[in-house]
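In the working numbering, the protein residues as written are 14 to 261.
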C-alpha cells in the first residue's frame, strides 16, 4: 500500500508540473510575477520528483525572463545549470539555452567565456552526432574569434556555419552569417570581398524579412564604400539602412 500511494503522489506531482509548464509556455516571456512564481514553484517540484523535463524547461524560461530584463547574472544563474541538465538528458533545449548564454557573453564582450561555452557545446553536439546541423554553434564561434581578433578562425567558423545554414534551409540565418563575413573582410581591408559577402547577406536577410539585420548590413557596407572613398555609394547604402530600420 505505501508503494502504491507513493506512485500516486508522484503521478499527481508530474501532472501538476505538466499543467504548470503548459501555463508557462503560453506566456514564454514570463512577463507577470504570477507566471514567474509558477516557474519557480515548478522547478522546485521538478527537482523533488527528479523530473528532468520540468527542470530543463523552467531553467530555460527563467533564464530567458531575466535575459529580456538585461539582468544577465540572474539569467546565467538559471541558464548554466539548465544547459548541464539538458546535455545530460540530450534534450532539445540545449541549442536554445546555448544561444541564450552565447548572446549574453557577446553582449557583455566576454569573448573568452563565450568561446569556452561554445567549445563545450560543440563537443556535446559532436558526441551525439549533430554538429553538422548546428550552424548556431559555428556562428557564435566565429563571432567570438572575431572579438579576440583571430580573423582566420572567425572566417573558418563563419564559412562552416553558412554552409550548414544553407543546407538546413535556414536562408535568413545564412544571410546573417554572410554579413558577419563581410564585416571581417572589411577589418582585413579586403574591401572587394567584403562587399561581395555583404551583398549576399543583405539579399538573404531582406528576402527572409530580417529587416533589422539587413539595415545593419547596409550601414556596415556603407562604411566599406567610405573606406574606398566612394562616398556616393556610401550615402546610398546609408539611406537604404535608414529605410529598412524604419520598417523594422
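Idealized CB from N, CA, C, for every residue including glycine.
This structure is a prediction, so every number in the text was calculated from the model and none was measured.
>> Let me check you understand the geometry: is the CB of residue 220 closer than 7 Å to at least one non-hydrogen atom of the ligand PLP?
In response: Summarising the ligand content, the structure contains no ligands, and the ligand PLP is consequently not present.
> By a C-beta neighbour count over all protein chains shown, 10 Å radius and 16 as the cutoff for buried, is residue 208 buried or exposed?
Replying inline: Counting C-beta atoms within 10 angstroms of its own C-beta, residue 208 has 16 or more neighbours from the protein chains shown and is therefore classed as buried.
> Is the Cβ-Cβ distance between residue 141 and residue 111 less than 8 Å?
Replying inline: No, the Cβ-Cβ distance between residue 141 and residue 111 is not below 8 Å.
> Nearest-angstrom Cα distance between residue 221 and residue 63?
Replying inline: Cα-Cα distance, rounded: 41 Å.
>> Comparing C-alpha positions only, which one of 253, 100, 107 and 180 sits nearest to residue 212?
In response: 253
>> Just verifying my parser: in three-state terms, what is the DSSP assignment at residue 61?
In response: helix
> Run through DSSP, which three-state label would residue 243 get?
Replying inline: coil
>> With distance defined between alpha-carbon atoms, name the residue in 247, 229 and 228 nearest to residue 237.
In response: 247
> Taking the runs of the alpha helix (DSSP H) that are 4 residues or longer, which of them lie wholly in the segment 206–246?
Replying inline: 224–240
> Does the beta-carbon of residue 175 have 16 or more other beta-carbons within 10 angstroms, so that it is buried, or is it exposed?
Replying inline: buried
>> Within 10 Å of its beta-carbon, does residue 12 have 16 or more other beta-carbons around it, so buried, or fewer, so exposed?
In response: No statement about residue 12 is possible, as the shown extent of the chain runs from 14 to 261 and does not include it.
> Excluding five sequence neighbours on each side, which residues of the same chain lie with their C-beta closer than 6 Å to the C-beta of residue 70?
Replying inline: 34
> Measuring CB to CB, does residue 197 end up less than 8 Å from residue 167?
Replying inline: Closer than 8 Å, so yes.
>> Using only CA atoms, which one of 205, 146 and 226 lies nearest to residue 214?
In response: 226
> So, are the CB atoms of residue 147 and residue 138 less than 8 Å apart?
Replying inline: yes
> Out of curiosity, what's the CA-to-CA distance linking residue 162 and residue 24?
Replying inline: 53 Å
> Under a three-way DSSP split, which group does residue 131 fall into?
Replying inline: helix
> Roughly how many angstroms lie between the CA atoms of residue 101 and residue 144, to the nearest whole one?
Replying inline: 16 Å
>> Tell me which residues share the same chain as residue 91 and place their Cβ nearer than 6 Å to its Cβ, disregarding the 5 neighbours each side in the sequence.
In response: 72, 75 and 76
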